[in-house]
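So the sequence shown is numbered by the UniProt record's numbering: it starts at 1 and just counts up by one.
The next block holds one structure in the form of structure tokens; read it before the comments.
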Amino acid sequence: SQGWMEKFGKRHYIKMNRIHGEAGSTDIESLQIDKAAIKEKIEAYSACDIYNFDETVLFYAAPPRTTISCQKFSGWKENKKWLTVGLLCNADGTDKWSDILMIGHARRPNCFNKNNKKQEAVDHGFSMYHYNSNDWMTRSIFHVFLHRFDRSMKAQNCKVLLILDNFSGHIVDYAPTNVELLFLPPNTTSHLQPLDGGIIWAFKAYFKRKQYAKAYQYIGMIQNDQQNKIGAIDKIFEIDQLWAMKWIREAWESVSAKTIENCWNATIFHFIEDKDSEGISKTIYWL
Numbered sequence: 001s002q003g004w005m006e007k008f009g010k011r012h013y014i015k016m017n018r019i020h021g022e023a024g025s026t027d028i029e030s031l032q033i034d035k036a037a038i039k040e041k042i043e044a045y046s047a048c049d050i051y052n053f054d055e056t057v058l059f060y061a062a063p064p065r066t067t068i069s070c071q072k073f074s075g076w077k078e079n080k081k082w083l084t085v086g087l088l089c090n091a092d093g094t095d096k097w098s099d100i101l102m103i104g105h106a107r108r109p110n111c112f113n114k115n116n117k118k119q120e121a122v123d124h125g126f127s128m129y130h131y132n133s134n135d136w137m138t139r140s141i142f143h144v145f146l147h148r149f150d151r152s153m154k155a156q157n158c159k160v161l162l163i164l165d166n167f168s169g170h171i172v173d174y175a176p177t178n179v180e181l182l183f184l185p186p187n188t189t190s191h192l193q194p195l196d197g198g199i200i201w202a203f204k205a206y207f208k209r210k211q212y213a214k215a216y217q218y219i220g221m222i223q224n225d226q227q228n229k230i231g232a233i234d235k236i237f238e239i240d241q242l243w244a245m246k247w248i249r250e251a252w253e254s255v256s257a258k259t260i261e262n263c264w265n266a267t268i269f270h271f272i273e274d275k276d277s278e279g280i281s282k283t284i285y286w287l
């Protein structure tokens with residue numbers, strides 16, 4: 001307990017919020033104009049047939065930037081190895097695509113190879129791995145993803161709605177037969193997009209939990225005079241790309257359907273239903 005401050009916060013429903021630059025630039029008038037069209041499209045589908053897709057950058061080998069200690073210390077050199085991760089889920093959390101889209105910088109990183117034999121990502125069970133020099137989403141990559149998603153829905157005889165932000169890479173020359181696209185208005189993703197409303201945050205938290213558990217294990221080995229087995233101490237947070245890809249899949253599996261459902265209800269569903277702020281869960285977060 002933090003004494004009177006914590007009690008004051010609970011009494012007045014105050015919580016710690018991170019400031020997002022995109023939210024500050026939102027045109028509220030534009031939201032009001034677009035609301036009817038957005039609501040009409042969403043209400044034509046059941047929750048299980050409404051999907052959201054979004055990309056995020058994951059610095060998979062980065063050490064923590066903060067810690068708890070009795071004294072100051074210099075920390076570690078920043079590690080900028082990263083992957084772009086594309087996540088897809090429906091509104092009730094019953095369908096999280098396990099074949100996650102991932103984008104790296106190389107077709108065959110050294111970590112993919114096994115027993116001196118060159119291997120592809122698909123040899124390790126990752127059929128939606130792509131690569132380019134920027135590790136980022138392109139129209140060609142999204143075209144492949146959308147085509148595959150559309151074929152999957154057609155095979156299941158499902159008609160679904162896919163909500164996307166207005167990133168130019170999402171605009172492709174392909175007309176899906178079983179997937180209707182709904183592009184959110186500019187600068188509204190932090191308000192309306194469920195994946196940006198907490199789902200990606202939860203996914204990254206599960207990933208970091210695995211990374212820190214590994215580092216804690218390595219620290220134990222160092223304390224037991226086994227540092228020669230793991231190398232320099234500043235490497236305890238590092239993992240190779242294949243290891244990161246496996247953890248990405250496991251972290252996504254750990255995100256619960258309830259978390260996904262809550263994030264949908266707090267973002268775009270809350271927006272179209274005109275619910276007042278009293279209807280939102282007032283969880284208090286303290287740092």
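The beta-carbon is built from N, C-alpha and C at its ideal position, and this holds for glycine as well.
This one's a predicted model, so the numbers in the text were calculated from it and none came from an experiment.
Among the options, nearest to residue i - alpha-carbon criterion
{"i": "residue 93", "options": "272, 262, 118", "result": "262"}
{"i": "residue 86", "options": "79, 78, 173, 104", "result": "104"}
{"i": "residue 161", "options": "41, 7, 12", "result": "41"}
{"i": "residue 245", "options": "124, 134, 6, 180", "result": "124"}
{"i": "residue 81", "options": "58, 96, 109, 153", "result": "58"}
{"i": "residue 209", "options": "47, 61, 56", "result": "61"}
{"i": "residue 52", "options": "110, 95, 84", "result": "95"}
{"i": "residue 88", "options": "272, 214, 216, 203", "result": "203"}
{"i": "residue 48", "options": "113, 271, 155, 90", "result": "90"}
{"i": "residue 265", "options": "164, 197, 128", "result": "197"}
{"i": "residue 106", "options": "132, 126, 118", "result": "132"}
{"i": "residue 174", "options": "151, 194, 211, 193", "result": "151"}
{"i": "residue 214", "options": "247, 172, 154, 7", "result": "247"}
{"i": "residue 258", "options": "217, 194, 211, 113", "result": "194"}
{"i": "residue 163", "options": "267, 115, 236, 6", "result": "267"}
DSSP state of residue i mapped onto helix, strand, coil
{"i": "residue 90", "result": "strand"}
{"i": "residue 284", "result": "At residue 284, the pLDDT of 27 sits below 50, so the modelled position is not reliable and the matter cannot be decided from this model."}
{"i": "residue 96", "result": "strand"}
{"i": "residue 181", "result": "strand"}
{"i": "residue 260", "result": "helix"}
{"i": "residue 51", "result": "strand"}
{"i": "residue 198", "result": "coil"}
{"i": "residue 276", "result": "Caution is warranted here: a pLDDT of 45 is assigned to residue 276, below 50, making its placement in the model unreliable, and the coordinate value is therefore given only provisionally. Of the three classes helix, strand and coil, the one that applies to residue 276 here is coil, per DSSP."}
{"i": "residue 268", "result": "helix"}
{"i": "residue 103", "result": "strand"}
{"i": "residue 215", "result": "helix"}
{"i": "residue 248", "result": "helix"}
{"i": "residue 6", "result": "helix"}
DSSP beta-bridge partners of residue i
{"i": "residue 57", "result": "84"}
{"i": "residue 192", "result": "In DSSP, residue 192 forms no bridge with anything."}
Closer than 6 Å: residue i CB and nearest the ligand HEM heavy atom
{"i": "residue 115", "result": "As far as ligands go, the structure on display features none, and thus does not contain the ligand HEM."}
### Task
Count the CB pairs spanning the stretch 175 to 187 and the stretch 242 to 254 that are closer than 8 Å, and state whether there are at least three.
Remark: fewer than three beta-carbon pairs, one from each stretch, lie closer than 8 Å, so the stretch 175 to 187 and the stretch 242 to 254 are not flagged as touching.
### Message
Using 8 Å as the cut-off, can you tell me whether the stretch 141 to 153 makes contact with the stretch 32 to 47, which would need three or more C-beta pairs spanning the two stretches below that distance?
### Response
no
### Task
Output the residue ranges of the beta strand (DSSP E) runs that lie fully inside the stretch 106 to 172 and measure 3 residues or longer, sorted by chain position.
129 to 131, 160 to 164
### Query
Does the stretch 188 to 198 come close enough to the stretch 237 to 247 that 3 or more CB-CB pairs lie under 8 Å?
no
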